[in-house]
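A.B. asks: Per UniProt numbering, the sequence shown runs over residues 1 to 308.
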Amino acid sequence: MTMNPSIDISYPLDTLRLDTVNRTDQVTKTAGGKGLNVTRVIHDLGGDVLATGVLGGFHGAFIADQLRQAGIKQEFTAIKEETRDSIAILHEGNQTEILEAGPTVSEEETALFLKKFQELVQRATVVTLSGSLAKGFPSNFYQQLIEIAKTQNAKVLLDTSGESLKQVLKGKTKPYLIKPNLEELEGLLGKEFSLKDLSAIKEALLAPIFTEIEWIVVSLGKAGALAKHRESFYRIEIPTIEVVNPVGSGDSTIAGFAYALAEGLETEDQLKLCMATGMANAQERRTGHVDPAKVQTHFKKIAVKKIE
Ligand code: ATP
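#1: In the DSSP assignment, find the unbroken alpha helix (DSSP H) run with I201 in it and report its ends.
#2: Which ranges would you report for the alpha helix (DSSP H) in the segment 247-278 if only whole runs of at least 4 residues count?
#3: Given the structure, does N4 come close to the ligand ATP, in the sense that its CB is under 8 Å from one of the ligand's heavy atoms?
#4: Hey, would you say residue 310 sits closer than 9 Å to G57, going by beta carbons?
#5: Assign N37 to one of three DSSP states: helix, strand, or coil.
#6: For the alpha helix (DSSP H) that contains T297, what are its first and last residues?
#7: Relative to the ligand ATP, what is the chain-ordered list of residues with a Cβ closer than 6 Å to any of its non-hydrogen atoms?
#8: Among the candidates M275, L185 and L189, whose CA atom is the shortest distance from the CA of G221?
#9: Measuring alpha carbon to alpha carbon, tell me which of A154, S139 and I148 ends up nearest T160.
#10: Indicate whether at least one CB of chain B lies closer than 9 Å to the CB of V41.
#11: Give the range of the alpha helix (DSSP H) segment to which Y142 is assigned.
#12: Could you give the first and the last residue of the continuous alpha helix (DSSP H) run that contains V168?
#13: Can you tell me the Cα-Cα spacing of A111 and V247, whole angstroms?
#14: What residues in its chain sit with their C-beta under 6 Å from that of A88, if we drop five residues either side in the sequence?
#15: Between which two residues does the alpha helix (DSSP H) carrying D65 extend?
#16: Kindly examine the ligand ZN and report whether one of its heavy atoms sits closer than 8 Å to the Cβ of L157.
#17: Where do the N-terminal and C-terminal ends of the beta strand (DSSP E) with E231 fall, by residue?
#18: Across which residues does DSSP place G93 in a beta bridge pair?
#19: Please report the straight-line C-alpha distance between A154 and D14, rounded to a whole angstrom.
#20: Helix, strand or coil, according to DSSP, for R285 in the structure here?
#21: So what's I236 in DSSP terms, helix, strand or just coil?
#22: Under 8 Å, with one C-beta from each stretch per pair, do the segment 71-87 and the segment 285-305 reach the 3-pair mark?
See below:
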């Protein structure tokens with residue numbers, strides 16, 4: 001699900017010059033938004049995936065066309081306002097971004113989307129909710145989707161931050177999995193954590209706001225992850241790899257977990273697959289893509305340890 005997709009535009013420049021014209025012939029434009037990264041990576045892994053959310057105007061049509069060309073199934077709700085652009089200027093080793101807030105979705109469009117979601121979820125075993133909500137959606141919108149998914153026994157993997165995450169954690173129906181990184185965990189609990197003290201991170205996952213969430217995967221970038229499944233804790237250690245572009249590795253981790261769930265893998269293999277998928281994404285130039293052969297190679301080198 002991508003509730004605020006974008007066309008991700010990247011401009012590589014040798015030097016960014018201010019207050020004058022910068023020219024480039026190397027632009028790339030891709031269907032973006034965290035949910036679409038998840039979609040693409042599940043597709044790369046060979047999973048049966050369908051993309052949904054809202055798309056508007058010519059920008060929305062561009063995204064729909066890109067998905068069509070990639071052979072990815074889609075059922076979006078059309079909205080009147082134009083889908084946004086997200087611009088990244090890559091210059092002198094820096095990444096300067098210009099992010100549009102995007103369209104405002106009307107009440108009528110929200111109702112249409114909810115109707116579509118109710119139909120789609122009947123065919124889904126796993127639902128991933130990623131990223132921010134477009135303006136106009138109520139702040140408890142993810143909570144509403146989680147409640148609908150629950151009625152159809154679809155498992156919801158939620159990857160969002162800030163207020164939308166806090167809202168869901170306050171709600172009565174919980175997602176099946178959340179995947180905060182360290183910064184997001186700090187934001188949720190108002191505390192600082194360090195990779196040097198994993199036991200403090202483990203302890204933090206016992207906080208009342210996390211009660212009844214079956215899986216919490218705290219992803220730690222190149223340091224792997226720490227996970228809680230029901231009453232058990234796991235430390236996942238990953239080998240050092242050569243990294244090309246780690247953006248979207250968190251989305252790829254969600255994709256790997258969704259695929260592992262749909263395939264019915266055992267707990268430790270679920271963890272290995274989600275980490276291996278995040279790692280494989282970090283080795284691609286394009287955001288939200290994996291080479292399944294690399295995923296398999298990494299999978300074999302990952303160690304999962306149950307911790308007390
Ligand atoms: P993003 O917001 O960029 O999608 P994130 O902060 O949500 O990322 P990370 O913890 O950075 O998520 O990455 C998720 C997983 O991807 C890690 O647990 C790890 O398996 C893999 N990964 C990310 N960065 C690296 C890296 N530099 N080296 C090896 N693996 C990595």
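Note that beta-carbon positions come from the ideal geometry of N, C-alpha and C, so glycine has one too.
C.D. replies: Concretely, from the data shown:
#1: Residue numbering aside, residue 201 sits at position 201 when the sequence shown is read from its first letter. Where I201 is concerned, the enclosing alpha helix (DSSP H) stretches over L198 to A204.
#2: 249-262
#3: Here the question's residue 4 lines up with position 4 in the sequence shown. No - the ligand ATP has no heavy atom lying nearer than 8 Å to the Cβ of N4.
#4: As shown, the chain starts at 1 and ends at 308. That puts residue 310 outside it, with no answer to give.
#5: Position 37 of the sequence shown, counted from the first residue, corresponds to residue 37. Looking at N37 - three-state DSSP - the assignment turns out to be helix.
#6: Taking the sequence shown and counting its residues from 1, the one referred to as residue 297 is at position 297. Its alpha helix (DSSP H) spans residues P292 to K301.
#7: N181, S219, L220, G221, K222, G224, A225, I238, I241, V243, P246, V247, G248, S249, G250, D251, T253, M275, G278, M279 and A282
#8: For the purposes of this step, residue 221 is taken as residue 221 along the sequence shown, with counting starting at 1. Of the candidates M275, L185 and L189, the one whose C-alpha sits nearest the C-alpha of G221 is M275.
#9: On the sequence shown, position 160 is the one that residue 160 refers to. The shortest C-alpha separation from T160 is found at S139.
#10: Looking for chain B here will not work: only one protein chain is present.
#11: Translated into the one-based positions of the sequence shown, residue 142 becomes position 142. In the DSSP assignment, Y142 falls within the alpha helix (DSSP H) that extends over F141 to T151.
#12: The residue labelled residue 168 in the question sits at position 168 within the sequence shown. From DSSP, the alpha helix (DSSP H) with V168 extends over G162 to K170.
#13: Mapped onto the sequence shown, residue 111 falls at position 111. Mapped onto the sequence shown, residue 247 falls at position 247. Each residue's alpha carbon lies about 33 Å from the other.
#14: Position 88 of the sequence shown holds residue 88. Sequence-distant partners of A88 (beyond 5 residues in either direction) whose C-beta falls short of 6 Å from its own C-beta, in its chain, are S10, Q95 and E97.
#15: Numbered from its first residue, the sequence shown carries residue 65 at position 65. For D65, the uninterrupted alpha helix (DSSP H) segment begins and ends at G57 to A70.
#16: Ligands present in the displayed structure are limited to the ligand ATP, and the ligand ZN is not among them.
#17: One-based indexing of the sequence shown puts residue 231 at position 231. Where E231 is concerned, there is no enclosing beta strand (DSSP E), given that its DSSP letter is neither H nor E.
#18: As a first step, residue 93 is located in the sequence shown; it is residue number 93 there, counting from the start. None; G93 has no bridge partner.
#19: What you label residue 154 is simply residue 154 of the sequence shown in a count that begins at 1. What you label residue 14 is simply residue 14 of the sequence shown in a count that begins at 1. If you draw a straight line from the Cα of A154 to the Cα of D14, it is about 47 Å long.
#20: Residue numbering aside, residue 285 sits at position 285 when the sequence shown is read from its first letter. In this structure, R285 counts as coil in the three-state DSSP scheme.
#21: On the sequence shown, residue 236 is found 236 positions in, with the first residue counted as 1. The answer is strand: DSSP assigns I236 an E or B state.
#22: no
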